[in-house]
Structure formats: C-alpha cells, structure tokens
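Some notes on the structure that comes next.
Numbering (our numbering), first residue to last: -11 to 536.
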C-alpha cells in the first residue's frame, strides 16, 4: 500500500552517472582537488597488492627452500608497505576531514541565504531537516562516499592480478561481483519512491511537532491534545513504515553480500585445490587468489550504501537546494474530508493558532468586526496563507476542493444566471439524485412544483425573473449545502429566508452539526443554542436541538 503524502517532489532526479559527474566538480572547485584523491587512492590500491604478493613468495619459494633470511626480509618489507599504506590513508583522511569542515560551512551559509530569500518554502520542517541533511551529506561529499566510488575502478587491479595467476580464479569473483552489482542497482531503483516519501513524511512530522509545541498551553486549555496526538501518531506511523522498508532493503543487501562473499571463498578454495592437485597452480597462488577475491567482493556492500546515499542526496537536492520559484505555480492538493481547522487569533497582541475539529459549532457572537471579516473573506483569498485545513494551508488546496468542502452562507443570495437546476447542481457538479434529496430536505420541493417550468425555471441576478428574493436565498442555500461541505460558515443567513424555510434549514443544521465544523454569526437565539464553543474555543452553554 502506497503512502499518500501532502507534499510533492518537484524535480525528477537525474541519472546516477550525470549526478556523480555534476557533483564531482564540488571537489575540484570548492573543496579539494579530485586529482589528489585519485592519486592517493591509486597508490593505496597498488600498495594493497603487497600482502598477496608476499604470501605467494613465502608459500612458493621461501618456505619450501627453508630460506629464513629471505623470509625476514620479505616480512620486514611487507611491514613497511603496510605502514606506508596506513600513512597514505591517514593523509587522505586528513584532506577529506578538512574538506568536510569547509563543506559544512559553505552549505550552512547557502541554507541561511535561501531561508531569508524564500521563507514561504523553507518552513520549520524543511529547515530542520535541511540542517540534518548537511551533516549526513557531508560524509558522502567529502568522505566515505566519494572515496568508495574512487576505489571502485581500482578493483580492476585485483582482477588483473587474479587473471595473471589463473583466468578461472578471476572469472569466479567477477561473476559474483556482477551479480551483486545488478541486484544493487535494481534494489536502489525500487527504493527511490520510499526514499522520497521518507523525506517528505519527516518534514511533515517536524512541522506538526513544532506547531504542537508552539501552542501546547492552548491545546491543553482547550482540550485538543488528542486531536494533535492522533495526527502525530498518523505521521509517525508513516515515518516508521518508510524506515522499516528502507531497513529491510538494507538488510537484504547486507545478507546478500555476506552470502556471495562466503560462496566466492568456498568456490575459490575448491577450484584452487583442484588446480593445485593437478599441478596447474601453486599453493602460494591459491592463498593470494583467496585474499584478492575477498578484496574484490568486500567493497560491493559499501558501494550499495553509496548508491543509496546518491539517491537520497539527489532527492533532497531536488527538493530543498533547488525549490520551486515563487513565480512558479505550486501543485494543489485535493481533499475529501476535513478533520480539523486551525485559525490564527490574536489574544492580548500575541497570535495563537486555535484548533477546531468535527463536532464544534462555534459562536461568533460578540466577536469584533475584523475577526468576522477575516472569516467571511471573499473567495478565502485573504486568509489563504493563515488558515490550516488539517496539515495544509488553504493556499495549497485545490480551489474545487475548497468550493466543495467550505461553504460560506450569507444573507444576500449569490445566484448564477441559469436554471434552478443549474444552480442547485452547480452546473452538473452535484448529481440530480443528490440535488433532489436536498430539495426535499430543505423544503424547496413544494415551491418548485408551483413554478410552470419547475427546475428548468430561468434565474438571473436581476428581478425580472419574477422569483422572490426569499426563494432565491433558499435556492442559494440549497446549492451550498448539497455539496456536503465539511466546514459551514453561517453569516446571518436567516435574514434572507422566510420563517418556514428557516425551520427547514435550522433542523438540517442541527442534525449534521456533530459531523461538521460550523461557525455561526448571528443574533438569533435558536442558532446560538446550537453552539458549543466560542471563537477562543471555550465551551459555552448546553447544546439544544429545539426552536425557541
């Protein structure tokens, strides 16, 4: 089952070879000369051939001839080679450690600059995760990652030495090496989508955690701990699932590497023993072949980790380092259900994010004019970046989803030019069957029956259609409610309908309020009795269902 995400990846990662080519310039231009690392790695790989060479000489010449003096010289020479190799590795470690400090400094400065210039994109979650990624990527760009990639081509030296000893001895580890590499590329390709989802869910979890901690006092006061706790559990489940899937692939590759390494050693020993018995290979060559074969296969697990890291860095580079420009339109999200709505309210000059959830019927009585106008904003444009639906800003939600799920019902009807049918079905957006159900529920059926053309009666925003304003208001309200909105904002609608229509609407609102978020701006006592909270989320009164 694929995890759905509220975020998206903007750039498709480039091919692996192209990505390596582009980022290798980091060493030569900003950090450390790539030629220096290549030279050091080549010399280290050549000195690594000293051990199998000395073993081959010991088994084939020194031990059979009982030449103790030569053995001491060889062992002393081997010790010098090992010390020289260690010194070179330390020198390489010094270079990359120094480069890592420069890398961290450079990338941190770039991140701060991007935050200053694009605060809309770099929210808390993205910023926090970006800081962590700088630490993780530092190991790859200036340490183990590129070093592992640089060591890979020099494995050909080991294969060449094996081929010199015996072509069959080179073929066995080469076959094992090829199988592991093919499986690694396939596994990483399967992991790419999980890696993307892992980064996205981590960012969303960081954002939600920051929001909870920033408003913890209010959440406790208003009894909304469970609301955010359940959302955090849902995010945590997604993060855990992605981590589990990645760990499963990693363990699979580790076990495969160990299995191939053991099978290669056994095959080399068995084949070498056969060749030694038949006089086609010496014992020294067999010992050297076993060491070289292990050195050919051992780096493959490290290469898989590097390959996985390349994909992770590519995803984060495409998501964070090169975010969409402000002028570029952001992909909108579709929503089917709304579980919570978070509204910024100023209390004593300090902004608080007040959460509301299903079952809240909120009274706006005695609220100031600015607050009411904030909620009744035309097309929700002025509050698009301030109000959250679940984890999404209004500006990030598709307009059609907003139209369907958030209904603002005013006293003055908003009638479209067309028939009654066109208005109630929103020009086909609502099915005829569903529209008829709401027509009957809200008492509009009897009125339509009296019209000569019924549902096909023409309506305009002017008065020449001979339809009363009260009927137009009822048609307008029926259209809004037939969409089954999750959030309903009632703005003195009762002023536009007659007493009979008001009763129908009241009864319907009373019947659905437990499964909706409803804001009520009115002075009507009956509607106020339906409210169980005020705008500051304080519980008020007792819920009533009867008319005064």
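We treat Cβ as the ideally placed atom computed from N, Cα and C, and that holds for glycine.
For residue 168, count the other beta carbons within 10 Å of its own beta carbon; 16 or more makes it buried, fewer makes it exposed. Which is it?
Looking up residue 168 in the chain shown gives position 180. Per the 10 Å Cβ criterion, buried.
Opening and closing residue of the beta strand (DSSP E) in which residue 349 lies:
The residue you call residue 349 lines up with position 361 of the chain shown. Its beta strand (DSSP E) spans residues 349 to 351.
For residue 343 and residue 329, I'd like the C-alpha separation in whole angstroms.
By 1-based counting over the chain shown, the position of residue 343 is 355. By 1-based counting over the chain shown, the position of residue 329 is 341. So the two alpha carbons sit approximately 6 angstroms from each other.
If contacts are defined as beta-carbon pairs under 8 angstroms, then residue 326 and residue 524 qualify, I think. What distance do you get, rounded to the angstrom?
For this step, residue 326 is matched to residue 338 along the chain shown. For this step, residue 524 is matched to residue 536 along the chain shown. So it is not a contact: roughly 21 angstroms between Cβ atoms.
Starting from residue 620, follow the beta strand (DSSP E) in both directions and report where the run begins and ends.
No answer is possible for residue 620: the residues shown for the chain start at -11 and end at 536.
For residue 346, does the three-state DSSP call read helix, strand or coil?
Locating residue 346 in the chain shown gives position 358, counting from the first residue. Coil, per DSSP.
Tell me the residue span of the beta strand (DSSP E) that contains residue 395.
Within the chain shown, residue 395 is the residue found at index 407, counting from 1. Looking at the DSSP string, the run of the beta strand (DSSP E) that includes residue 395 is 394 to 398.
Looking only at its chain, what residues have a beta carbon closer than 7 angstroms to the beta carbon of residue 467, apart from the 5 residues adjacent to it on each side?
Locating residue 467 in the chain shown gives position 479, where the first residue counts as 1. Answer for residue 467: 411, 412, 414, listed in chain order.
Report yes if the C-beta distance between residue 442 and residue 488 is below 8 angstroms; otherwise report no.
What you label residue 442 is simply residue 454 of the chain shown in a count that begins at 1. What you label residue 488 is simply residue 500 of the chain shown in a count that begins at 1. Taking 8 angstroms as the Cβ cut-off, residue 442 and residue 488 do not qualify as a contacting pair.
How many Å lie between residue 496 and residue 227 at the Cα?
For the purposes of this step, residue 496 is identified with residue 508 of the chain shown, where counting begins at 1. For the purposes of this step, residue 227 is identified with residue 239 of the chain shown, where counting begins at 1. The alpha-carbon atoms of residue 496 and residue 227 are separated by roughly 41 angstroms.
Residue 509 to residue 474 span [Cα, whole Å]:
In the chain shown, residue 509 corresponds to position 521, counting from 1. In the chain shown, residue 474 corresponds to position 486, counting from 1. Cα-Cα distance, rounded: 17 angstroms.
Cβ-based burial, residue 40 [other Cβ within 10 Å; buried from 16]:
Taking the first residue of the chain shown as position 1, residue 40 is located at position 52. Buried, because 16 or more other Cβ atoms sit within 10 Å of the Cβ of residue 40.
Between residue 160 and residue 61, what straight-line distance do the alpha-carbon atoms span, to the nearest angstrom?
Your numbering for residue 160 matches position 172 in the chain shown. Your numbering for residue 61 matches position 73 in the chain shown. Straight-line Cα distance between these residues: approximately 33 angstroms.
Is DSSP giving residue 270 helix, strand or coil here?
As a first step, residue 270 is located in the chain shown; it is residue number 282 there, counting from the start. In the structure shown, residue 270 sits in coil (DSSP, three-state: anything other than H, G, I, E or B).
Is the Cβ-Cβ distance between residue 224 and residue 193 less than 8 angstroms?
Within the chain shown, residue 224 is the residue found at index 236, counting from 1. Within the chain shown, residue 193 is the residue found at index 205, counting from 1. A contact, by the Cβ cut-off of 8 angstroms.
Enclosing beta strand (DSSP E) for residue 475 [first to last residue]:
Working through the chain shown from its first residue, we reach residue 475 at position 487. Segment 475 to 479, the beta strand (DSSP E) holding residue 475.
Tell me the DSSP secondary structure of residue 327 in three-state form.
Within the chain shown, residue 327 is the residue found at index 339, counting from 1. Residue 327 falls in the coil class under three-state DSSP.
How about residue 479 and residue 398: do their beta carbons lie closer than 8 angstroms?
Here residue 479 is taken as the residue at index 491 of the chain shown, counted from 1. Here residue 398 is taken as the residue at index 410 of the chain shown, counted from 1. Contact flag set, yes.
Chain-order list of residues whose beta-carbon lies under 6 angstroms from that of residue 462 (same chain, five-residue window excluded)
Within the chain shown, the letter at position 474 stands for residue 462. Taken in chain order, the residues that qualify are 432, 485, 489.
Check the DSSP bridge columns for residue 341 and list the partner residues they point to.
To locate residue 341, count along the chain shown from 1; it is residue 353. BP columns for residue 341 point to 332.
Which same chain residues, not among the five before or five after residue 280, have their C-beta less than 7 angstroms away from its C-beta?
Here residue 280 corresponds to residue number 292 of the chain shown, with the count starting at 1. Only 40, 146, 149, 150 meet the Cβ criterion.
Are there 16 or more other CB atoms within 10 angstroms of the CB of residue 85, so buried, or fewer, so exposed?
The sequence position of residue 85 within the chain shown is 97, counting from 1. Under this definition residue 85 is an exposed residue.
Based on the DSSP secondary-structure assignment, which residues constitute the bridge partners of residue 377?
Here residue 377 is taken as the residue at index 389 of the chain shown, counted from 1. The partner list for residue 377 (beta bridge, DSSP) reads 329, 380.
Between residue 285 and residue 164, how many whole angstroms is the CB-CB distance? I'm expecting something under 8 angstroms.
Locating residue 285 in the chain shown gives position 297, counting from the first residue. Locating residue 164 in the chain shown gives position 176, counting from the first residue. Between residue 164 and residue 285 the Cβ distance is about 6 angstroms, and since that is below 8 angstroms, they are a contact.
Rounding to the nearest angstrom, what Cα-Cα distance links residue 238 and residue 140 in this structure?
The sequence position of residue 238 within the chain shown is 250, counting from 1. The sequence position of residue 140 within the chain shown is 152, counting from 1. So the alpha carbons of these two residues sit roughly 20 angstroms apart.
Would you mind stating whether residue 278 and residue 256 have Cβ atoms separated by less than 8 angstroms?
Walking along the chain shown from the start, residue 278 turns up at place 290. Walking along the chain shown from the start, residue 256 turns up at place 268. Yes, they are a contact pair.
If you count every other CB in all the chains shown that lies within 10 Å of the CB of residue 283, and 16 or more means buried, which is it?
Counted from its first residue, the chain shown places residue 283 at position 295. With 16 or more other Cβ atoms within 10 Å, it is buried.
How would you call residue 251, buried or exposed, if buried means at least 16 neighbouring beta carbons within 10 angstroms?
Locating residue 251 in the chain shown gives position 263, counting from the first residue. Residue 251 is exposed by the Cβ-count criterion.
With a threshold of 7 angstroms, establish whether the CB of residue 487 neighbours any heavy atom of the ligand MG.
For the structure depicted, the ligand MG is absent and the ligand set is empty, with no information on it obtainable.
8 angstroms Cβ cutoff met for residue 407 and residue 506
What you label residue 407 is simply residue 419 of the chain shown in a count that begins at 1. What you label residue 506 is simply residue 518 of the chain shown in a count that begins at 1. No.
For the alpha helix (DSSP H) holding residue 438, just list the boundary residues, first then last.
On the chain shown, residue 438 is found 450 positions in, with the first residue counted as 1. It is not in any alpha helix (DSSP H) - residue 438 carries neither H nor E in the DSSP assignment.
Best match in 417, 418, 459 for proximity to residue 437 [C-alpha to C-alpha]
Within the chain shown, the letter at position 449 stands for residue 437. Considering only alpha carbons, the answer is 459.
If you count every other CB in all the chains shown that lies within 10 Å of the CB of residue 354, and 16 or more means buried, which is it?
Numbered from 1 along the chain shown, position 366 holds the residue referred to as residue 354. Exposed is the call here.
Assuming residue 31 and residue 76 make a contact with CB atoms under 8 angstroms, what is their CB distance in whole Å?
Within the chain shown, residue 31 is the residue found at index 43, counting from 1. Within the chain shown, residue 76 is the residue found at index 88, counting from 1. Correct: roughly 6 angstroms between the Cβ atoms.
Is it true that the CB of residue 28 sits closer than 8 angstroms to the CB of residue 79?
As a position in the chain shown, residue 79 is number 91, starting the count at 1. As a position in the chain shown, residue 28 is number 40, starting the count at 1. For residue 79 and residue 28, yes; Cβs fall inside 8 angstroms.
Contact belief for residue 395 with residue 471 at Cβ below 8 angstroms, rounded distance in angstroms:
By 1-based counting over the chain shown, the position of residue 395 is 407. By 1-based counting over the chain shown, the position of residue 471 is 483. About 6 angstroms separates the two Cβ atoms, so the contact holds.
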